[in-house]
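K.L.:
Following numbering that gives the first Met the number 0, the numbering of the sequence shown begins with 0 at its first residue and continues without gaps. Glycine residues also receive a C-beta, built at the ideal position from the N, C-alpha and C atoms. Keep in mind that this is a model prediction, so the values were computed, not measured. For reference, the structure I am asking about is given below.
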Amino acid sequence: MKAFFAVLIVGLLAWKLSPDFQSWVGATLSQAKASLPIGASRAAAPPGFRCDGRKYCSQMTSCAEATTFLNHCPGMHMDGDNDGVPCERQWCE
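Next comes the structure, spelled out in structure tokens:
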């Protein structure tokens, strides 16, 4: 039983300290502080859309897809100049 708890604690610590978790938490917190006024809400994501872990322009297939991911998923790395237009060199010229 002690071994079970030891493995459980080590697993939880590894998960808590992993870079993916830290970047997700950082992105979530920074989006919470973003420029939406009190009472305003973001547009709803399209039906059937889900964040699937893609974050880079090289993983997108169109400007529309990149824009949807940028607007609805945390931790995106597609808008280097923070002007709201993703993948300006590849998809959204």
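For L12, count the other beta carbons within 10 Å of its own beta carbon; 16 or more makes it buried, fewer makes it exposed. Which is it?
P.N.:
exposed
K.L.:
Please report the residue range of the alpha helix (DSSP H) in which C91 lies.
P.N.:
No alpha helix (DSSP H) holds C91; DSSP gives it neither H nor E.
K.L.:
What do you get for K54, buried or exposed, if any count of 16 or more other CB atoms within 10 angstroms of its CB means buried?
P.N.:
buried
K.L.:
Given a threshold of 16 other Cβ atoms within 10 Å of its Cβ, counted over all protein chains shown, does F68 qualify as buried or as exposed?
P.N.:
Buried.
K.L.:
Excluding five sequence neighbours on each side, which residues of the same chain lie with their C-beta closer than 8 Å to the C-beta of M77?
P.N.:
K54, Y55, C56, M59, A65, F68, L69, P85, C86
K.L.:
How big is the Cα-Cα spacing for G52 and A63?
P.N.:
17 Å
K.L.:
Out of curiosity, what's the CA-to-CA distance linking G79 and S61?
P.N.:
Rounded to the nearest angstrom, the two C-alpha atoms are 17 Å apart.
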